[in-house]
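Using my numbering, the letters of the sequence shown map in sequence onto residues 4 to 229. Ideal Cβ positions, reconstructed from N, Cα and C, are used throughout, including at glycine. None of the values given here were measured: they were computed from a predicted structure.
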Amino acid sequence: AGVALAAALALLLAPPAGAGEPTRARPGVSSASSLPAETVEAIRQAVTDEMSRLGIPGLSLAVAERGEVRHEAGFGFADVENEVPARPETAYRLASVSKPITAAAVLRLAEEGRLDLDAPVSRYCPDFPEKAWPVTARQLLSHQGGVRHYRPDEQPITRRFTSLAEGLALFRDDPLVHEPGTKVLYSTYGYTLLGCAAAGAAGRPFMALLQDAVFAPAGMSATRVD
Numbered sequence: 004a005g006v007a008l009a010a011a012l013a014l015l016l017a018p019p020a021g022a023g024e025p026t027r028a029r030p031g032v033s034s035a036s037s038l039p040a041e042t043v044e045a046i047r048q049a050v051t052d053e054m055s056r057l058g059i060p061g062l063s064l065a066v067a068e069r070g071e072v073r074h075e076a077g078f079g080f081a082d083v084e085n086e087v088p089a090r091p092e093t094a095y096r097l098a099s100v101s102k103p104i105t106a107a108a109v110l111r112l113a114e115e116g117r118l119d120l121d122a123p124v125s126r127y128c129p130d131f132p133e134k135a136w137p138v139t140a141r142q143l144l145s146h147q148g149g150v151r152h153y154r155p156d157e158q159p160i161t162r163r164f165t166s167l168a169e170g171l172a173l174f175r176d177d178p179l180v181h182e183p184g185t186k187v188l189y190s191t192y193g194y195t196l197l198g199c200a201a202a203g204a205a206g207r208p209f210m211a212l213l214q215d216a217v218f219a220p221a222g223m224s225a226t227r228v229d
């Protein structure tokens, strides 16, 4: 899922570039700022110091006060190989920030009476097979659903999935790791299942649901699927 949240104060980090010398001294692109020059310089120094310390190749930052954006800037590179500078509007991969976005959509459906948080998610996502215990959306929201997380031996993949239901293939046939509601286990796959349930309850593709339930109301016009 991909990306920078439109928030009053957002510090958006690209993934560390790894070994070597990932960060250049040259900054990205800044836009106009209404902050005092000494404040802008202090921000620049603090950000570039941390980028160097942590090996961050690119970063975008915005400062807002009482609903007004006072300063925004890009630092480093959006594309290190081609030295494309980061800009205030550079899009970053959301990674696990996708989880609270998914949660917001699920709770909107619950408010509208279209999804029962305490019903088995298989009601809305029939591609998820029955397990030893039923799993509910409420349990998945709080990482208590018993759905496993990544295994230590699982390697990152670049396979494209055409739907959340298709993505269930990675874990759908695995047993639950504990009885739902009895333990907390952080689970990315649990949120994949939650997204499938949300799409089923809404009767529409997941990204179409997010667009109407989250992105449009929040003014997140640049957010898109990864």
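Alpha carbon of A94 to alpha carbon of E75, nearest angstrom: Counted from its first residue, the sequence shown places residue 94 at position 91. Counted from its first residue, the sequence shown places residue 75 at position 72. Computed Cα separation, rounded: 14 Å.
Span separating the alpha-carbon of R175 from that of P91: Taking the first residue of the sequence shown as 1, we reach residue 175 at position 172. Taking the first residue of the sequence shown as 1, we reach residue 91 at position 88. Cα-Cα distance, rounded: 40 Å.
Exposed unless 16 or more other CB atoms sit within 10 angstroms - verdict on Q147: Looking up residue 147 in the sequence shown gives position 144. By the neighbour-count rule (16 or more Cβ atoms within 10 Å), Q147 is buried.
Beta-carbon contacts of G21 that lie in its chain and below 8 Å, excluding the five residues immediately before and after: Taking the sequence shown and counting its residues from 1, the one referred to as residue 21 is at position 18. Low confidence applies to G21: its pLDDT is 38, below 50, so where it sits in the model is not reliable enough to give any reading.
Beta-carbon contacts of L213 that lie in its chain and below 6 Å, excluding the five residues immediately before and after: Taking the sequence shown and counting its residues from 1, the one referred to as residue 213 is at position 210. Hits under 6 Å: A108.
Continuous beta strand (DSSP E) stretch holding A65: start and end: Stepping through the sequence shown from its first residue, residue 65 is reached at position 62. Run containing A65: 61-68, per the beta strand (DSSP E) assignment.
C-beta contact flag for G79 and M54 at 8 Å: Along the sequence shown, read from residue 1 onward, the residue named residue 79 stands at position 76. Along the sequence shown, read from residue 1 onward, the residue named residue 54 stands at position 51. Yes. Within cutoff.
Stretch pair the region 189-198 + the region 137-152: three plus CB contacts closer than 8 Å: yes
Nearest-angstrom Cα separation, counted from S37 out to A216: Mapped onto the sequence shown, residue 216 falls at position 213. Mapped onto the sequence shown, residue 37 falls at position 34. The straight-line gap from Cα to Cα measures roughly 33 Å.
Inter-stretch contact (C-beta, 8 Å, three-pair minimum) for the region 158-176 and the region 113-131: yes
Proximity below 8 Å, CB of L179 to CB of W136: Numbered from 1 along the sequence shown, position 176 holds the residue referred to as residue 179. Numbered from 1 along the sequence shown, position 133 holds the residue referred to as residue 136. Yes, these two residues count as a Cβ contact at 8 Å.
Sheet register partners of G58 (DSSP bridge): Counted from its first residue, the sequence shown places residue 58 at position 55. For G58, which the question treats as bridged, DSSP gives no partner whatsoever.
Classification of F218 by the beta-carbon crowding that lies within 10 angstroms, buried from 16 upward: Translated into the one-based positions of the sequence shown, residue 218 becomes position 215. The residue is buried, with at least 16 neighbouring Cβ atoms inside 10 Å.
Proximity to L64 [Cα-Cα], best of A89, G70, D52, V83: In the sequence shown, the residue the question calls residue 64 occupies position 61. Of A89, G70, D52, V83, the residue nearest in Cα terms is A89.
In DSSP terms, what V72 is bridged to: Against the sequence shown, residue 72 aligns to sequence position 69. DSSP output for V72 lists A67 as bridge partner(s).
Cutoff 6 Å; reference A28; Cβ partners in own chain excluding five residues on either side: Numbered from 1 along the sequence shown, position 25 holds the residue referred to as residue 28. For A28, the pLDDT reaches just 42, beneath the cut-off of 50, and the residue's location in the model is therefore unreliable, leaving the point undetermined.
DSSP three-state assignment for T139, whether helix, strand or coil: Counting from one through the sequence shown, the residue named residue 139 turns up at place 136. If DSSP states are grouped into helix, strand and coil, T139 belongs with the strands.
F218 - DSSP class collapsed to helix/strand/coil: For this step, residue 218 is matched to residue 215 along the sequence shown. The answer is helix: DSSP assigns F218 an H, G or I state.
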